[in-house]
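S.K.: This is the structure, below, for whatever I ask next.
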Amino acid sequence: MSSKSPDRPKKAEVTRRPHRLPGAAISLALVVLIAVGVLAVRQYGGMSTGIAAETAGRESTMKIGGPFTLVDQDGQAVTEATFEGRWLLVYFGFTFCPDVCPTALTRNISAIDLLGEQAEKITPVLISVDPQRDSPEKLKDYVRFFHPRLVGLTGTPQQIASVAKEYRVFYVKSPGDTPETYLVDHSSLTYLIGPDGKFVEFFSHGLSAEEVANRLKQRL
Ligand code: NI
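So that you can map any letter, position 122 of the sequence shown is 295 in our numbering, and since no number is skipped, the others follow by simple counting.
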């Protein structure tokens with residue numbers, strides 16, 4: 174018994190292996206494939222934001238921002254001239270965004286609030302990258318949830334494409350469960366525009382409200 178018993182479990186294992194391992198191996202391979210797929214999607218999403226950040230950061234002489242014609246949450250036509258003389262904290266997003274946009278807008282609003290009296294100098298702006306769903310009415314309901322002074326801008330798909338190009342903002346529709354529930358992948362930088370209408374600097378998504386506020390204080 175003592176000499177044979179060590180063999181028995183081994184034999185059992187050997188006979189089980191051909192049945193069990195392929196199944197386990199296939200499951201493992203599937204898990205790995207799915208994980209790689211998920212990582213690839215995340216990587217791609219991160220990359221697109223990263224590229225925008227890098228492009229904006231590296232080439233500081235590159236022109237960012239410019240003229241635009243859009244419509245605000247009250248249905249009024251606005252251009253860059255509408256905001257002349259004011260500092261703008263501009264973010265591109267959409268009201269249907271589940272997490273990134275609310276986080277960024279909350280951060281931007283908090284940063285402005287941290288400025289105390291200086292806060293009045295800055296107008297926070299949300300430019301929609303989802304003109305199909307973000308009507309002025311929809312934006313009006315959304316922006317007042319964040320701040321009484323938050324301006325929501327939308328326009329025709331062509332007008333949005335044009336202003337996004339000016340700001341080198343990337344955005345692309347990502348299909349949802351139904352045609353109405355699509356998401357929009359988009360760059361998540363916030364742009365500071367000076368009273369002269371010119372781009373001053375951008376703030377990446379990862380910065381805290383305090384960090385943004387400190388950098389704003391140096392500019393105002
Ligand atoms: Ni978003």
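Even for Gly, the Cβ is constructed at its ideal location relative to N, Cα and C.
How is Leu326 classed by DSSP in three states: helix, strand or coil?
M.R.: As a first step, residue 326 must be located in the sequence shown, where it is residue number 153. DSSP places Leu326 in strand when its eight states are reduced to three.
S.K.: Starting from Val347, trace the beta strand (DSSP E) in both directions and tell me its first and last residue.
M.R.: Start at 1 with the first residue of the sequence shown, and residue 347 comes out as number 174. Sequence inspection shows Ser at residue 347; the Val mentioned does not correspond to that position. Start and end: 344-347.
S.K.: Which of helix, strand or coil does DSSP assign to Phe241?
M.R.: For the purposes of this step, residue 241 is identified with residue 68 of the sequence shown, where counting begins at 1. Three-state result, Phe241: coil.
S.K.: Thr279: buried (16+ other C-beta within 10 angstroms of its C-beta) or exposed?
M.R.: Looking up residue 279 in the sequence shown gives position 106. When all chains shown are included, Thr279 counts as exposed.
S.K.: Since Phe318 is in the alpha helix (DSSP H), which residue starts that stretch and which ends it?
M.R.: The residue labelled residue 318 in the question sits at position 145 within the sequence shown. Element bounds for Phe318: 309-319.
S.K.: Taking the alpha carbon of Thr363 as the point to measure from, which residue in Ala250, Leu243, Asp247, Pro275 has its own alpha carbon closest?
M.R.: For the purposes of this step, residue 363 is taken as the residue at position 190 of the sequence shown. When each option's Cα is compared against that of Thr363, the closest is Pro275.
S.K.: Run through the DSSP bridge pairs and tell me what Ser361 is partnered with.
M.R.: Within the sequence shown, the letter at position 188 stands for residue 361. Looking at the DSSP assignment, Ser361 forms no beta bridge with any residue, so it has no partner.
S.K.: Counting Cβ pairs, one atom from each stretch, are 3 or more of them under 8 Å apart for the region 334-343 and the region 290-299?
M.R.: Flag = no, the region 334-343 and the region 290-299 do not touch.
S.K.: At a cut-off of 7 Å, would you count Phe267 as near the ligand NI, judging by its Cβ distance to the nearest heavy atom?
M.R.: Here residue 267 corresponds to residue number 94 of the sequence shown, with the count starting at 1. Yes, the beta carbon of Phe267 sits closer than 7 Å to at least one heavy atom of the ligand NI.
S.K.: Taking C-alpha atoms, which residue in Ser360, Asp350, Gln391, Asn387 lies nearest to Val263?
M.R.: By one-based count along the sequence shown, residue 263 stands at place 90. When only C-alpha atoms are compared, the closest one is Ser360.
S.K.: Would DSSP call Leu287 helix, strand or coil?
M.R.: Here residue 287 corresponds to residue number 114 of the sequence shown, with the count starting at 1. In the structure shown, Leu287 sits in coil (DSSP, three-state: anything other than H, G, I, E or B).
S.K.: Rounded to a whole number of angstroms, what is the C-alpha to C-alpha distance between Thr252 and Val244?
M.R.: Here residue 252 is taken as the residue at index 79 of the sequence shown, counted from 1. Here residue 244 is taken as the residue at index 71 of the sequence shown, counted from 1. Taking the straight line joining both Cα atoms gives about 8 Å.
S.K.: Helix, strand or coil: which one does DSSP assign to Leu393?
M.R.: Within the sequence shown, numbered from 1, the residue matching residue 393 stands at position 220. Note: Leu393 maps to coil in three-state DSSP.
S.K.: For the beta strand (DSSP E) holding Leu261, just list the boundary residues, first then last.
M.R.: As a working mapping, residue 261 is identified with position 88 in the sequence shown. First-last of the beta strand (DSSP E) with Leu261: 260-266.
S.K.: Asp314 and Thr327 look like a contact to me (Cβ under 8 Å); what is the Cβ gap, rounded to whole Å?
M.R.: Here residue 314 refers to the residue found at position 141 when the sequence shown is read from its first residue. Here residue 327 refers to the residue found at position 154 when the sequence shown is read from its first residue. Actually they do not touch by this definition, with Cβ atoms about 13 Å apart.
S.K.: So, is Thr268 buried or exposed, given that buried needs 16 or more other C-beta atoms within 10 angstroms?
M.R.: For the purposes of this step, residue 268 is taken as the residue at position 95 of the sequence shown. By the 10 Å Cβ count, Thr268 comes out buried.
S.K.: Just tell me which of Met235, Pro309, Gly370 has its CA closest to the CA of Gly248.
M.R.: Within the sequence shown, numbered from 1, the residue matching residue 248 stands at position 75. Here the closest residue by C-alpha is Pro309.
S.K.: Considering only their Cβ atoms, is the gap separating Glu383 from Leu287 smaller than 8 Å?
M.R.: Sequence index remark: in the sequence shown, residue 287 carries index 114 (1-based). Sequence index remark: in the sequence shown, residue 383 carries index 210 (1-based). Yes, they are a contact pair.
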